[in-house]
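One structure is given here, and the rest of the page talks about it.
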Amino acid sequence: MRSKNATIKIIVILTLILLSFAYLLPVYVMIITSLKSVQEVTVGNYLIPTGSPQFGNYTEVLFGSTRFRSQMLPRLLNSMIISFSVTFLSAFFGGLGGYYLSRSKSTFTRVLFILVGIALYMPLQAIIIPLVTLMAKTRLLLTHWGLIVSYLVLNVPLASVLMGTFFLSVPRELEEAAEVDGASKIQTFFRIVTPISMPAYVSVAIIIFTQVWNEFFLALSLSSPATQTVQVVMAEAKGTTLVLYNLQMAAALLSVFVPLLFFLLLGRYFIRGILAGALKG
Amino acid sequence: MSAITTPTTRGKKRRRDQLTFVEFLVFVVPLLVFVITLYGTLIWTFYVSLSNWSGIAANYEFAGFKWYQSLFNNIRFWVDVQNNLKWLILGVIPTVFLAIFLAYLLELAPFPAIESYIRTLILYPVAMSFIVTGTIWSWMYEPKRGVFNTILAALGVQSPLTFTTNPSTATYWLILIFIWQYLGFAVIIIQSSFRTSELQEMVEAATVDGASKLRILFSIIIPNIRSGLLVLVSLLLISTLKVFDIVYIVTFGGPGISTDVLSLYMFIATFQQHLVSMGAALGVIIFLIAFIIVIPYTIYALRRWFE
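These protein sequences, in sequence, are chains A and B. Note that the numbering used here has the first sequence beginning at 1, numbered continuously upward. Note that the numbering used here has the second sequence beginning at 282, numbered continuously upward.
Encoded structure:
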């Protein structure tokens, strides 16, 4: 559909400038502000980068200080542990469940598919009270498992649908050939289907990792001192350090670093995952 | 598939469809456990909403629809409903239109390099959390020293904008953050629904017939991306309904309760006021709205999946 029309060229270039401004400005502001001193943040020239970058802001945010008590480093580790565990386990269980959903057409499968489909859009507010009660009773709340298990409840259904979407496009002939050779369904799945579905697993992993890393409501409701995540500590820091915009921005930068890196390195898988989530294959 | 199947193929089909006990255990049970837990907690929430739990200790004494009634008589609840409606309408409609416009423009863009640049540019916020975006935008919105008013002042405009500190317009500025964050996501979905071979052929035929670009957009493309639109609108409606993070981090419902939404009220009622049963009632109400929103989408997905 490419066009050589002059008006369209002008519109494209105008849009390009406008969007660049709208989407680069927040990141630009975040980066330059994170390197300023408090004095610079209060006096003005908010859009001009500082002459003497304060890299100390980052260490202050990572390890905490008297004016910034929310240490980011342990929270980054918590988020890592939780996000990687949930990603790995969801992709594993979701692959198995998604394979079943994509290969069986029984009434039971249809009912399960509807339940899973609605589960993807379950508002967390509708399940949070029992989750907190359960996690407190079993004392899982005090360990990373409280959040991991809670996220699994939400993300295994998601991973099943995402993986299932990919499995639907895997040709059955391969599996049929394996079955003729006497392989069981479990062998077929692990030896034939899983290896050729690795790109799909990467897509699903990125989507789930980003989602869990960025999730806030559940992390906040189930937060305990030892397992607090990056998002919760960011919110806490914003509430307690009202004027320290420079440190808030440094914290923001540190907390987006990991998911943004994945996005930039594996953007194609990321987009494929989004599209699978929208059931577009 | 033909209606008449020979005994051998029927037998083979059954073998392929039915699982042995071990296979059921491996493929189905893990998913089933999580799904049952999810719906179990949903039913449990409903039960809590019908009991009399207000305070730290759980109390499951039956109270009927008492908490729903008290919500319906509560001004804050109706403020929230109004704000949620603003979110549903203004968070979705402009995003969809902007996305269609941008996706079409990207298709027409003379250079592929521009297309991939814009795509990355508007998509990166998808990888960021609302907490981070909210923190940055709070700083940009700051009325006295914030980025926007600084820019306007540099251009010689004495900015009257007070952004999220003005109770009557604060919600709109919050919605703007949402649109900013979701636009790239929306463009990706619309773009992929452009790229079916049937649609491309129709567009080509119309171009040969001399139809204008706008004409093609309105009479050929938009009517033919209905399923893409259904998916996008459903996803956006659900996201705006569930909105919590942006409001929590930027205004916490303020000034006063002017930007409060149902999900934030649910959180405050449950964890700060300890009116747990009322929080549960709010949770159930949010679920019911979400359920209504996803019905058409689920039917569509079901058809596509098992076609």
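Glycine residues also receive a C-beta, built at the ideal position from the N, C-alpha and C atoms.
1. Report the three-state DSSP secondary structure of Phe343/B (helix, strand or coil).
2. Can you tell me whether Glu342/B is buried or exposed? The criterion is at least 16 other CB atoms within 10 Å of its CB, across all chains shown.
3. Less than 8 Å between the C-beta atoms of Val161/A and Leu134/A, yes or no?
4. Tell me which same chain residues have a C-beta within less than 7 Å of the C-beta of Ile337/B, skipping the five on either side of it?
5. Looking at the unbroken alpha helix (DSSP H) that takes in Gln462/B, where does it start and where does it end?
6. By the DSSP assignment, the alpha helix (DSSP H) with Leu265/A in it spans what residues?
7. Spatial neighbours of Met122/A within its chain, please: CB distance less than 8 Å, with the 5 preceding and 5 following residues excluded, ordered by chain position.
8. What did DSSP end up calling Ser397/B once you bin it into helix, strand or coil?
9. For Gly509/B, does the count of other Cβ atoms within 10 angstroms reach 16, so buried, or fall short, so exposed?
10. Do you know offhand how far Phe270/A's Cα is from Ile206/A's?
11. Using the beta-carbon count (16 or more within 10 Å), is Asp541/B buried or exposed?
12. Tell me, please, whether the stretch 242 to 257 of chain A touches the stretch 49 to 67 of chain A by the rule of three or more beta-carbon pairs shorter than 8 Å.
13. Which full runs of the alpha helix (DSSP H) of 4+ residues lie inside the stretch 18 to 94 of chain A, going along the chain?
14. Can you tell me whether Ser184/A is helix, strand or coil according to DSSP?
15. Quick one: is the Cβ of Ala550/B within less than 7 Å of any heavy atom of the ligand FAD?
16. Using a Cβ-Cβ cutoff of 8 Å, what residues of the stretch 548 to 566 of chain B are near chain A? List them in chain order.
17. How many Å lie between Gly534/B and Phe525/B at the Cα?
18. In chain order, what residues of the stretch 311 to 323 of chain B put their CB closer than 8 Å to some CB of chain A?
19. Rounded to a whole number of angstroms, what is the C-alpha to C-alpha distance between Tyr529/B and Gly182/A?
20. Taking the alpha carbon of Pro441/B as the point to measure from, which residue in Trp359/B, Glu423/B, Thr452/B and Ala550/B has its own alpha carbon closest?
21. By alpha-carbon positions, which one of Pro53/A, Ile129/A and Ala22/A ends up nearest to Ser34/A?
22. Do Ala159/A and Ser102/A have their CB atoms nearer than 8 Å?
23. Please confirm if the stretch 480 to 493 of chain B is in contact with the stretch 559 to 570 of chain B, defined as three or more CB-CB distances below 8 Å between the two stretches.
24. Closer than 8 Å between beta carbons: that is the criterion. Which residues of the stretch 516 to 531 of chain B meet it against chain A?
25. Helix, strand or coil for Ser558/B? Go by DSSP, reduced to three states.
26. Using only alpha-carbon positions, find the residue among Leu563/B, Trp368/B, Val362/B and Leu313/B that is nearest to Leu518/B.
27. Looking at chain B, is there any beta carbon in it that lies within less than 8 Å of the beta carbon of Thr15/A?
28. With a Cβ-Cβ cutoff of 8 Å, do Gln472/B and Leu387/B count as a contact?
29. Using three-state DSSP, classify Ser478/B as helix, strand or coil.
30. Report buried or exposed for Val303/B, applying the criterion of at least 16 other Cβ atoms within 10 angstroms of its Cβ.
31. How far does the alpha helix (DSSP H) with Ser150/A in it reach, from first residue to last?
32. Tell whether a beta-carbon distance below 8 Å holds between Leu142/A and Ser224/A.
33. For the putative contact between Ile470/B and Val512/B, defined by C-beta atoms under 8 Å, what is the C-beta separation to the nearest angstrom?
34. So, is Gln363/B buried or exposed, given that buried needs 16 or more other C-beta atoms within 10 angstroms?
35. Beta-carbon separation of Leu455/B and Ile527/B under 8 Å?
36. Please report the straight-line C-alpha distance between Pro375/B and Ile460/B, rounded to a whole angstrom.
According to the data block:
1. Along the second sequence, one-based indexing puts residue 343/B at 62. It is a strand residue.
2. Taking the second sequence and counting its residues from 1, one reaches residue 342/B at position 61. With fewer than 16 other Cβ atoms within 10 Å, it is exposed.
3. Translated into positions along the first sequence, residue 161/A becomes position 161. Translated into positions along the first sequence, residue 134/A becomes position 134. No, the pair does not count as a contact, with Cβ atoms beyond the cut-off.
4. For this step, residue 337/B is matched to residue 56 along the second sequence. Same-chain partners within the cutoff: His555.
5. Along the second sequence, one-based indexing puts residue 462/B at 181. It spans Ala451 to Phe475 - the alpha helix (DSSP H) in which Gln462/B sits, taken as one unbroken run.
6. Along the first sequence, one-based indexing puts residue 265/A at 265. Note, Leu265/A: alpha helix (DSSP H), Tyr245 to Leu265.
7. Mapped onto the first sequence, residue 122/A falls at position 122. Excluding residues within five positions, the ones whose Cβ falls inside 8 Å are Leu154.
8. Here residue 397/B refers to the residue found at position 116 when the second sequence is read from its first residue. Residue state, collapsed to three classes: helix.
9. Position 228 of the second sequence, counted from the start, is the residue given in the question as residue 509/B. It counts as buried.
10. Here residue 270/A refers to the residue found at position 270 when the first sequence is read from its first residue. Here residue 206/A refers to the residue found at position 206 when the first sequence is read from its first residue. Approximately 6 Å, taken between the alpha carbons.
11. Here the question's residue 541/B lines up with position 260 in the second sequence. Asp541/B comes out buried.
12. yes
13. 38 to 43 and 56 to 63
14. Counting from 1 along the first sequence, the entry for residue 184/A is found at position 184. Correct three-state label for Ser184/A: coil.
15. With respect to small molecules bound, the structure shown includes none, and the ligand FAD cannot be examined in it.
16. Phe548, Thr551, Phe552, Val557, Gly560, Ala561, Leu563, Gly564 and Val565
17. Counting from one through the second sequence, the residue named residue 534/B turns up at place 253. Counting from one through the second sequence, the residue named residue 525/B turns up at place 244. C-alpha separation (whole angstroms): 10 Å.
18. Pro311, Leu312, Leu313, Phe315, Val316, Thr318, Leu319, Tyr320, Gly321, Thr322 and Leu323
19. Start at 1 with the first residue of the second sequence, and residue 529/B comes out as number 248. Start at 1 with the first residue of the first sequence, and residue 182/A comes out as number 182. Answer to the nearest angstrom: the Cα atoms are 57 Å apart.
20. As a first step, residue 441/B is located in the second sequence; it is residue number 160 there, counting from the start. Residue Glu423/B is the option with its Cα nearest to Pro441/B.
21. As a first step, residue 34/A is located in the first sequence; it is residue number 34 there, counting from the start. Cα-wise, what sits closest to Ser34/A is Pro53/A.
22. Counting from one through the first sequence, the residue named residue 159/A turns up at place 159. Counting from one through the first sequence, the residue named residue 102/A turns up at place 102. No, these two residues do not count as a Cβ contact at 8 Å.
23. no
24. Leu516, Ile519, Leu522, Lys523, Phe525, Asp526, Tyr529 and Ile530
25. On the second sequence, position 277 is the one that residue 558/B refers to. Reduced to three states, the DSSP call for Ser558/B is helix.
26. Your numbering for residue 518/B matches position 237 in the second sequence. Among Leu563/B, Trp368/B, Val362/B and Leu313/B, the Cα nearest to that of Leu518/B is on Trp368/B.
27. As a first step, residue 15/A must be located in the first sequence, where it is residue number 15. Thr15/A counts as touching chain B.
28. Translated into the one-based positions of the second sequence, residue 472/B becomes position 191. Translated into the one-based positions of the second sequence, residue 387/B becomes position 106. Yes, they are a contact pair.
29. For the purposes of this step, residue 478/B is taken as the residue at position 197 of the second sequence. Looking at Ser478/B - three-state DSSP - the assignment turns out to be helix.
30. The residue you call residue 303/B lines up with position 22 of the second sequence. The residue is exposed, with fewer than 16 neighbouring Cβ atoms inside 10 Å.
31. Start at 1 with the first residue of the first sequence, and residue 150/A comes out as number 150. First-last of the alpha helix (DSSP H) with Ser150/A: His144 to Leu168.
32. For the purposes of this step, residue 142/A is taken as residue 142 along the first sequence, with counting starting at 1. For the purposes of this step, residue 224/A is taken as residue 224 along the first sequence, with counting starting at 1. Result yes, Cβ atoms of Leu142/A and Ser224/A sit closer than 8 Å.
33. Start at 1 with the first residue of the second sequence, and residue 470/B comes out as number 189. Start at 1 with the first residue of the second sequence, and residue 512/B comes out as number 231. Rounded, the Cβ-Cβ distance is 6 Å, consistent with contact.
34. As a position in the second sequence, residue 363/B is number 82, starting the count at 1. With fewer than 16 other Cβ atoms within 10 Å, it is exposed.
35. Here residue 455/B is taken as the residue at index 174 of the second sequence, counted from 1. Here residue 527/B is taken as the residue at index 246 of the second sequence, counted from 1. The answer is yes: Cβ separation under 8 Å.
36. Translated into the one-based positions of the second sequence, residue 375/B becomes position 94. Translated into the one-based positions of the second sequence, residue 460/B becomes position 179. Using only the alpha carbons, I get a separation of about 8 Å.
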